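The numbering used here puts the first residue of the sequence shown at 167, with every later residue one more than the last. The structure appears right after this line, and notes come after that.
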Amino acid sequence: MKRSTLFLVFNVLLLVSFLATYTSQARILSPEEGRLFLKRIIQNSTAHSYWGIWKLSDYTDENESIFYEVAYIPRFGFGWINLDNPHHYIIGDGTYRFIYDEEKQIITAVYPGFDLPFLPLGEDNIDILVSNYLINVDENVVMIISRENKQVVKSFLLDERQALISQTYYSKDGQVIKRGEYVYRIDHPNDDRIWKIFQIMDQVVQKKNNFPEVLFNRERMLIPRLLPPGYSLRRSYLVEGDQGKMYQMVYSDGINFFSLFQTLLSPHSKFSSRIRKFTIKKDGELTTLIGEIMGRQVFLVGNLSHEILSEIFDSIADEGR
167 MKRSTLFLVF NVLLLVSFLA TYTSQARILS PEEGRLFLKR IIQNSTAHSY WGIWKLSDYT
227 DENESIFYEV AYIPRFGFGW INLDNPHHYI IGDGTYRFIY DEEKQIITAV YPGFDLPFLP
287 LGEDNIDILV SNYLINVDEN VVMIISRENK QVVKSFLLDE RQALISQTYY SKDGQVIKRG
347 EYVYRIDHPN DDRIWKIFQI MDQVVQKKNN FPEVLFNRER MLIPRLLPPG YSLRRSYLVE
407 GDQGKMYQMV YSDGINFFSL FQTLLSPHSK FSSRIRKFTI KKDGELTTLI GEIMGRQVFL
467 VGNLSHEILS EIFDSIADEG R
(Lines of atoms letter the chains of each structure in order from A and count residues from 1; the text may use other names and numbers.)
(Lines give C-alpha, C1' and ligand atoms only; values in the text may rest on other atoms or scores of the structure.)
Protein backbone atom coordinates (compact mmCIF):
# COMPACT_ATOMS: atom_id res chain seq x y z
CA MET A 1 0.00 0.00 0.00
CA LYS A 2 1.32 3.43 -0.94
CA ARG A 3 2.35 5.88 1.80
CA SER A 4 -0.21 8.42 0.53
CA THR A 5 -2.98 5.80 0.89
CA LEU A 6 -1.81 4.88 4.39
CA PHE A 7 -1.76 8.56 5.31
CA LEU A 8 -5.32 9.01 4.05
CA VAL A 9 -6.49 5.95 6.03
CA PHE A 10 -4.78 7.35 9.12
CA ASN A 11 -6.59 10.67 8.70
CA VAL A 12 -9.96 8.92 8.33
CA LEU A 13 -9.30 6.79 11.44
CA LEU A 14 -8.26 9.92 13.33
CA LEU A 15 -11.50 11.65 12.35
CA VAL A 16 -13.59 8.60 13.34
CA SER A 17 -11.76 8.42 16.68
CA PHE A 18 -12.42 12.11 17.26
CA LEU A 19 -16.12 11.82 16.43
CA ALA A 20 -16.47 8.82 18.75
CA THR A 21 -15.55 11.03 21.73
CA TYR A 22 -17.25 14.09 20.33
CA THR A 23 -20.17 14.30 22.74
CA SER A 24 -18.14 13.63 25.90
CA GLN A 25 -15.16 15.92 25.34
CA ALA A 26 -16.00 18.56 22.76
CA ARG A 27 -17.59 21.90 23.57
CA ILE A 28 -19.34 24.25 21.18
CA LEU A 29 -18.55 27.86 21.95
CA SER A 30 -21.07 30.65 22.07
CA PRO A 31 -20.68 33.27 19.31
CA GLU A 32 -18.90 35.65 21.69
CA GLU A 33 -16.65 32.86 23.04
CA GLY A 34 -15.89 31.77 19.48
CA ARG A 35 -15.05 35.33 18.47
CA LEU A 36 -12.59 35.75 21.37
CA PHE A 37 -11.10 32.29 20.85
CA LEU A 38 -10.42 32.87 17.14
CA LYS A 39 -8.85 36.24 17.91
CA ARG A 40 -6.52 34.50 20.37
CA ILE A 41 -5.51 31.96 17.68
CA ILE A 42 -4.69 34.85 15.34
CA GLN A 43 -2.61 36.62 17.98
CA ASN A 44 -0.72 33.44 18.88
CA SER A 45 -0.13 32.53 15.24
CA THR A 46 1.31 35.97 14.42
CA ALA A 47 3.24 36.66 17.62
CA HIS A 48 6.64 36.71 15.87
CA SER A 49 8.32 36.26 12.50
CA TYR A 50 8.98 32.84 10.98
CA TRP A 51 9.92 31.07 7.74
CA GLY A 52 8.87 27.60 6.67
CA ILE A 53 7.70 25.11 4.05
CA TRP A 54 3.99 24.29 3.93
CA LYS A 55 2.74 21.07 2.34
CA LEU A 56 -0.79 21.04 0.95
CA SER A 57 -2.08 17.52 0.21
CA ASP A 58 -5.13 17.11 -2.02
CA TYR A 59 -6.90 13.73 -1.74
CA THR A 60 -9.66 14.47 -4.24
CA ASP A 61 -7.71 13.59 -7.39
CA GLU A 62 -4.43 11.68 -7.41
CA ASN A 63 -3.15 12.52 -3.94
CA GLU A 64 -1.22 15.50 -5.24
CA SER A 65 0.90 17.64 -2.94
CA ILE A 66 1.90 21.28 -3.44
CA PHE A 67 4.73 22.90 -1.50
CA TYR A 68 4.83 26.58 -0.56
CA GLU A 69 7.60 28.71 0.85
CA VAL A 70 5.98 30.77 3.59
CA ALA A 71 7.21 33.76 5.58
CA TYR A 72 5.53 35.90 8.19
CA ILE A 73 6.92 39.30 9.18
CA PRO A 74 5.11 41.51 11.72
CA ARG A 75 3.68 44.73 10.20
CA PHE A 76 4.14 43.25 6.70
CA GLY A 77 1.98 40.13 7.01
CA PHE A 78 2.32 36.84 5.15
CA GLY A 79 4.16 36.15 1.92
CA TRP A 80 4.22 32.84 0.12
CA ILE A 81 5.27 31.28 -3.15
CA ASN A 82 4.08 28.15 -4.88
CA LEU A 83 7.45 26.52 -5.52
CA ASP A 84 6.19 25.37 -8.94
CA ASN A 85 5.42 28.99 -9.94
CA PRO A 86 8.18 31.15 -8.42
CA HIS A 87 7.43 34.41 -10.30
CA HIS A 88 3.97 34.91 -8.78
CA TYR A 89 4.02 35.95 -5.15
CA ILE A 90 1.01 35.99 -2.85
CA ILE A 91 1.02 38.55 -0.07
CA GLY A 92 -1.51 38.14 2.74
CA ASP A 93 -3.10 41.12 4.41
CA GLY A 94 -5.49 40.05 7.13
CA THR A 95 -8.17 37.94 5.48
CA TYR A 96 -7.14 38.98 1.95
CA ARG A 97 -4.30 38.05 -0.36
CA PHE A 98 -2.76 40.11 -3.14
CA ILE A 99 -1.48 38.29 -6.23
CA TYR A 100 1.72 40.01 -7.37
CA ASP A 101 3.36 39.42 -10.74
CA GLU A 102 7.07 40.00 -10.16
CA GLU A 103 7.90 40.34 -13.87
CA LYS A 104 5.15 42.91 -14.59
CA GLN A 105 5.41 44.40 -11.07
CA ILE A 106 1.65 44.78 -10.75
CA ILE A 107 -1.07 43.47 -8.44
CA THR A 108 -3.30 41.36 -10.64
CA ALA A 109 -6.04 40.33 -8.19
CA VAL A 110 -7.21 40.34 -4.58
CA TYR A 111 -8.81 37.24 -3.04
CA PRO A 112 -9.97 36.08 0.38
CA GLY A 113 -7.35 33.82 1.92
CA PHE A 114 -9.71 31.13 3.17
CA ASP A 115 -8.50 28.42 0.78
CA LEU A 116 -4.84 28.68 1.77
CA PRO A 117 -4.58 26.77 5.03
CA PHE A 118 -1.57 28.42 6.65
CA LEU A 119 -3.17 31.88 6.55
CA PRO A 120 -4.90 32.58 9.89
CA LEU A 121 -8.34 34.09 9.83
CA GLY A 122 -8.32 37.85 9.57
CA GLU A 123 -10.06 39.71 12.37
CA ASP A 124 -12.35 41.45 9.87
CA ASN A 125 -13.71 38.02 8.93
CA ILE A 126 -14.52 36.66 12.39
CA ASP A 127 -17.97 38.21 12.82
CA ILE A 128 -19.38 36.74 9.61
CA LEU A 129 -17.72 33.38 10.32
CA VAL A 130 -19.28 32.95 13.77
CA SER A 131 -22.67 34.02 12.42
CA ASN A 132 -22.62 31.22 9.80
CA TYR A 133 -20.59 28.52 11.57
CA LEU A 134 -20.28 26.86 14.98
CA ILE A 135 -16.87 26.71 16.70
CA ASN A 136 -16.21 23.41 18.44
CA VAL A 137 -13.11 23.02 20.64
CA ASP A 138 -11.59 19.81 22.00
CA GLU A 139 -8.17 20.47 23.56
CA ASN A 140 -5.90 21.31 20.60
CA VAL A 141 -8.44 20.51 17.83
CA VAL A 142 -10.85 23.18 16.57
CA MET A 143 -13.75 22.15 14.34
CA ILE A 144 -15.68 24.62 12.15
CA ILE A 145 -19.25 23.33 11.72
CA SER A 146 -21.90 24.63 9.34
CA ARG A 147 -24.97 26.00 11.13
CA GLU A 148 -27.04 25.09 8.08
CA ASN A 149 -26.35 21.35 7.84
CA LYS A 150 -24.26 20.67 11.00
CA GLN A 151 -21.38 19.24 8.89
CA VAL A 152 -17.72 19.80 9.76
CA VAL A 153 -16.20 21.86 6.95
CA LYS A 154 -12.77 22.60 8.38
CA SER A 155 -10.57 21.80 11.37
CA PHE A 156 -7.46 23.38 12.90
CA LEU A 157 -4.71 21.69 14.86
CA LEU A 158 -3.02 23.96 17.42
CA ASP A 159 0.33 23.65 19.16
CA GLU A 160 0.96 24.07 22.87
CA ARG A 161 0.85 27.87 22.45
CA GLN A 162 -2.53 27.57 20.68
CA ALA A 163 -0.96 28.69 17.41
CA LEU A 164 -2.01 27.22 14.06
CA ILE A 165 0.11 24.32 12.77
CA SER A 166 -2.25 22.52 10.35
CA GLN A 167 -5.69 22.68 8.77
CA THR A 168 -7.94 20.01 7.28
CA TYR A 169 -10.84 20.43 4.85
CA TYR A 170 -13.82 18.08 4.59
CA SER A 171 -16.32 17.18 1.87
CA LYS A 172 -20.09 17.53 2.35
CA ASP A 173 -20.24 13.90 3.52
CA GLY A 174 -17.46 14.38 6.09
CA GLN A 175 -14.51 12.91 4.17
CA VAL A 176 -11.04 14.46 4.40
CA ILE A 177 -10.34 16.09 1.03
CA LYS A 178 -7.38 18.37 1.76
CA ARG A 179 -4.82 18.84 4.48
CA GLY A 180 -2.05 21.37 4.96
CA GLU A 181 0.80 21.31 7.47
CA TYR A 182 4.23 22.74 8.11
CA VAL A 183 6.97 20.25 7.21
CA TYR A 184 9.71 22.67 8.22
CA ARG A 185 9.64 25.89 10.18
CA ILE A 186 12.14 28.32 11.73
CA ASP A 187 11.04 30.95 14.22
CA HIS A 188 12.70 34.37 14.24
CA PRO A 189 14.69 33.84 10.98
CA ASN A 190 17.59 36.26 10.62
CA ASP A 191 19.36 35.22 7.41
CA ASP A 192 18.86 35.73 3.67
CA ARG A 193 16.22 32.99 3.64
CA ILE A 194 13.47 35.61 3.79
CA TRP A 195 15.27 38.57 2.21
CA LYS A 196 13.82 38.12 -1.30
CA ILE A 197 10.27 37.60 -0.10
CA PHE A 198 10.65 40.56 2.27
CA GLN A 199 11.60 42.79 -0.68
CA ILE A 200 8.51 41.62 -2.60
CA MET A 201 6.31 42.20 0.44
CA ASP A 202 7.69 45.71 0.80
CA GLN A 203 6.90 46.45 -2.87
CA VAL A 204 3.34 45.15 -2.46
CA VAL A 205 2.80 47.20 0.70
CA GLN A 206 3.84 50.34 -1.18
CA LYS A 207 1.64 49.50 -4.18
CA LYS A 208 -1.24 48.56 -1.89
CA ASN A 209 -1.17 52.09 -0.44
CA ASN A 210 -2.07 53.25 -3.95
CA PHE A 211 -4.52 50.39 -4.38
CA PRO A 212 -7.53 51.44 -2.31
CA GLU A 213 -10.86 49.78 -2.02
CA VAL A 214 -13.35 51.46 -4.28
CA LEU A 215 -16.91 52.60 -3.69
CA PHE A 216 -19.08 51.76 -6.65
CA ASN A 217 -21.83 53.69 -8.29
CA ARG A 218 -24.36 50.85 -8.06
CA GLU A 219 -26.37 52.34 -10.90
CA ARG A 220 -23.48 51.57 -13.27
CA MET A 221 -22.55 48.13 -11.88
CA LEU A 222 -23.50 44.54 -12.60
CA ILE A 223 -24.70 42.98 -9.35
CA PRO A 224 -25.66 39.35 -8.57
CA ARG A 225 -29.25 39.23 -7.38
CA LEU A 226 -28.89 35.67 -6.07
CA LEU A 227 -26.49 34.96 -3.19
CA PRO A 228 -26.02 31.65 -1.32
CA PRO A 229 -27.25 31.69 2.31
CA GLY A 230 -24.99 33.67 4.65
CA TYR A 231 -23.07 35.46 1.88
CA SER A 232 -22.54 39.22 1.74
CA LEU A 233 -20.34 41.70 -0.13
CA ARG A 234 -17.08 42.01 1.84
CA ARG A 235 -14.63 44.05 -0.25
CA SER A 236 -14.48 45.93 -3.57
CA TYR A 237 -11.33 46.69 -5.56
CA LEU A 238 -10.09 48.11 -8.82
CA VAL A 239 -7.56 45.57 -10.15
CA GLU A 240 -5.42 45.31 -13.27
CA GLY A 241 -4.67 42.26 -15.39
CA ASP A 242 -4.47 41.00 -18.95
CA GLN A 243 -7.91 42.50 -19.67
CA GLY A 244 -6.88 45.90 -18.31
CA LYS A 245 -8.59 47.49 -15.32
CA MET A 246 -11.53 45.64 -13.82
CA TYR A 247 -13.82 46.04 -10.84
CA GLN A 248 -13.59 43.15 -8.37
CA MET A 249 -16.32 42.46 -5.80
CA VAL A 250 -15.60 39.85 -3.09
CA TYR A 251 -18.50 37.92 -1.51
CA SER A 252 -18.08 35.45 1.37
CA ASP A 253 -19.78 33.55 4.18
CA GLY A 254 -16.58 33.39 6.26
CA ILE A 255 -15.25 30.11 4.82
CA ASN A 256 -16.25 29.97 1.17
CA PHE A 257 -16.14 32.84 -1.30
CA PHE A 258 -16.58 34.03 -4.83
CA SER A 259 -15.36 37.12 -6.68
CA LEU A 260 -17.14 38.97 -9.47
CA PHE A 261 -14.77 40.70 -11.92
CA GLN A 262 -16.19 43.05 -14.56
CA THR A 263 -14.56 45.33 -17.10
CA LEU A 264 -15.11 49.07 -16.86
CA LEU A 265 -17.80 50.54 -19.05
CA SER A 266 -17.96 54.06 -20.40
CA PRO A 267 -21.10 56.00 -19.32
CA HIS A 268 -21.92 56.48 -23.00
CA SER A 269 -21.45 52.85 -24.05
CA LYS A 270 -24.31 51.04 -25.75
CA PHE A 271 -24.82 47.41 -24.93
CA SER A 272 -27.18 44.49 -25.37
CA SER A 273 -29.01 42.83 -22.48
CA ARG A 274 -28.04 39.37 -23.72
CA ILE A 275 -25.98 37.13 -21.39
CA ARG A 276 -23.38 34.88 -22.99
CA LYS A 277 -21.25 32.30 -21.13
CA PHE A 278 -18.02 31.52 -22.96
CA THR A 279 -15.83 29.30 -20.81
CA ILE A 280 -15.84 27.26 -17.64
CA LYS A 281 -12.44 26.58 -16.06
CA LYS A 282 -11.46 24.40 -13.10
CA ASP A 283 -8.16 25.04 -11.28
CA GLY A 284 -7.87 23.04 -8.09
CA GLU A 285 -10.75 24.08 -5.86
CA LEU A 286 -11.41 27.27 -7.83
CA THR A 287 -14.03 27.34 -10.58
CA THR A 288 -14.12 30.22 -13.09
CA LEU A 289 -17.02 31.21 -15.34
CA ILE A 290 -16.14 33.64 -18.13
CA GLY A 291 -18.75 35.44 -20.17
CA GLU A 292 -20.21 38.70 -21.40
CA ILE A 293 -23.11 40.50 -19.78
CA MET A 294 -24.49 43.75 -21.19
CA GLY A 295 -21.29 44.61 -23.04
CA ARG A 296 -18.91 43.85 -20.19
CA GLN A 297 -16.52 40.95 -19.91
CA VAL A 298 -17.30 39.14 -16.66
CA PHE A 299 -15.30 36.63 -14.62
CA LEU A 300 -16.95 34.78 -11.74
CA VAL A 301 -14.34 32.96 -9.61
CA GLY A 302 -14.91 30.98 -6.41
CA ASN A 303 -14.48 27.80 -4.42
CA LEU A 304 -18.12 26.89 -4.99
CA SER A 305 -19.58 24.24 -7.28
CA HIS A 306 -20.11 24.90 -10.97
CA GLU A 307 -23.88 24.61 -10.47
CA ILE A 308 -24.02 27.28 -7.74
CA LEU A 309 -21.70 29.64 -9.63
CA SER A 310 -23.84 29.22 -12.76
CA GLU A 311 -26.96 30.21 -10.82
CA ILE A 312 -25.15 33.28 -9.47
CA PHE A 313 -23.88 34.12 -12.96
CA ASP A 314 -27.36 33.90 -14.46
CA SER A 315 -28.68 36.25 -11.75
CA ILE A 316 -26.17 39.03 -12.52
CA ALA A 317 -27.97 42.14 -13.71
CA ASP A 318 -27.39 45.84 -14.30
CA GLU A 319 -28.28 47.49 -10.98
CA GLY A 320 -29.39 50.64 -12.73
CA ARG A 321 -32.07 48.89 -14.81
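Glycine included, each C-beta is placed from N, C-alpha and C at the ideal position. A quick note: this is a predicted structure, and the numbers were derived from the prediction, not measured.
{"Item": "Return the first residue and the last residue of the beta strand (DSSP E) that Asp224 is part of.", "Value": "Tyr216 to Asp224"}
{"Item": "Quick one, are the C-beta atoms of Leu466 and Phe479 less than 7 Å apart?", "Value": "yes"}
{"Item": "With DSSP as the reference, identify every bridge partner of Tyr238, one or two as the case may be.", "Value": "Tyr216 and Phe244"}
{"Item": "Could you compute how far the alpha carbon of Tyr216 sits from the alpha carbon of Tyr350?", "Value": "11 Å"}
{"Item": "Contact check, Ile456 vs His472 under 8 Å by CB: the rounded distance?", "Value": "Their Cβ separation, rounded to whole angstroms, is 13 Å, which puts Ile456 and His472 out of contact at 8 Å."}
{"Item": "Where do the ends of the beta strand (DSSP E) carrying Asp353 lie?", "Value": "Val342 to Asp353"}
{"Item": "Determine the extent of the beta strand (DSSP E) in which Pro164 is found, giving its start and end residues.", "Value": "Limits of the chain in this structure are 167 at one end and 487 at the other, which puts residue 164 out of reach."}
{"Item": "Kindly give me the distance between the Cβ atoms of Ile310 and Ile421, rounded to whole angstroms, as I take these residues to be in contact under 8 Å.", "Value": "7 Å"}
{"Item": "Take Glu268 and list the residues in its own chain whose beta-carbon comes closer than 8 Å to its own, dropping the five residues that flank it on each side.", "Value": "His253, His254, Tyr255 and Ile366"}
{"Item": "I want to know whether the segment 217-232 touches the segment 315-330 - three or more CB-CB distances under 8 Å.", "Value": "no"}
{"Item": "How is Gly468 classed by DSSP in three states: helix, strand or coil?", "Value": "strand"}
{"Item": "What separation, rounded to the nearest whole angstrom, lies between the Cα atoms of Thr453 and Ile474?", "Value": "10 Å"}
{"Item": "Under 7 Å, do Phe427 and Met412 count as touching if we go by C-beta distance?", "Value": "yes"}
{"Item": "In angstroms, rounded to a whole number, what distance separates the CA positions of Lys362 and Val405?", "Value": "24 Å"}
{"Item": "Consult DSSP for Lys320 and reduce its assignment to one of helix, strand or coil.", "Value": "strand"}
{"Item": "Give the straight-line distance between the Cα atoms of Val236 and Gly245, rounded to the nearest whole angstrom.", "Value": "6 Å"}
{"Item": "Taking DSSP as the reference, what is the three-state secondary structure of Arg206?", "Value": "helix"}
{"Item": "Give the single residue among Met415, Asn302 and Phe264 whose Cα lies nearest to the Cα of Arg193.", "Value": "Asn302"}
{"Item": "With Met387 and Leu399 assumed to form a contact (beta carbons below 8 Å), what rounded beta-carbon distance in angstroms separates them?", "Value": "Rounded, the Cβ-Cβ distance is 11 Å, inconsistent with contact."}
{"Item": "Out of Asp250, Gly200 and Ile352, which has the shortest C-alpha to C-alpha gap to Asp293?", "Value": "Gly200"}
{"Item": "Could you give the distance in angstroms between the alpha-carbon of Pro355 and the alpha-carbon of Arg327?", "Value": "19 Å"}
{"Item": "With 16 other CB atoms within 10 Å as the buried threshold, where does Pro240 fall?", "Value": "exposed"}
{"Item": "Given Ile207, which residues of its chain have a CB within under 8 Å of its CB, disregarding the five upstream and five downstream residues?", "Value": "Pro286, Leu287, Val308, Phe322, Leu324, Gln328, Ala329 and Leu330"}
{"Item": "Output the boundary residues of the beta strand (DSSP E) element that contains Lys270.", "Value": "Premise fails: Lys270 is in no beta strand (DSSP E) and is neither H nor E."}
{"Item": "Please classify Ile456: does DSSP put it in a helix, a strand, or coil?", "Value": "strand"}
{"Item": "Could you compute how far the alpha carbon of Asn229 sits from the alpha carbon of Ala275?", "Value": "28 Å"}
{"Item": "Let me confirm a value: Asp357 is counted as buried when at least 16 other C-beta atoms fall within 10 Å, else exposed. Which label applies?", "Value": "exposed"}
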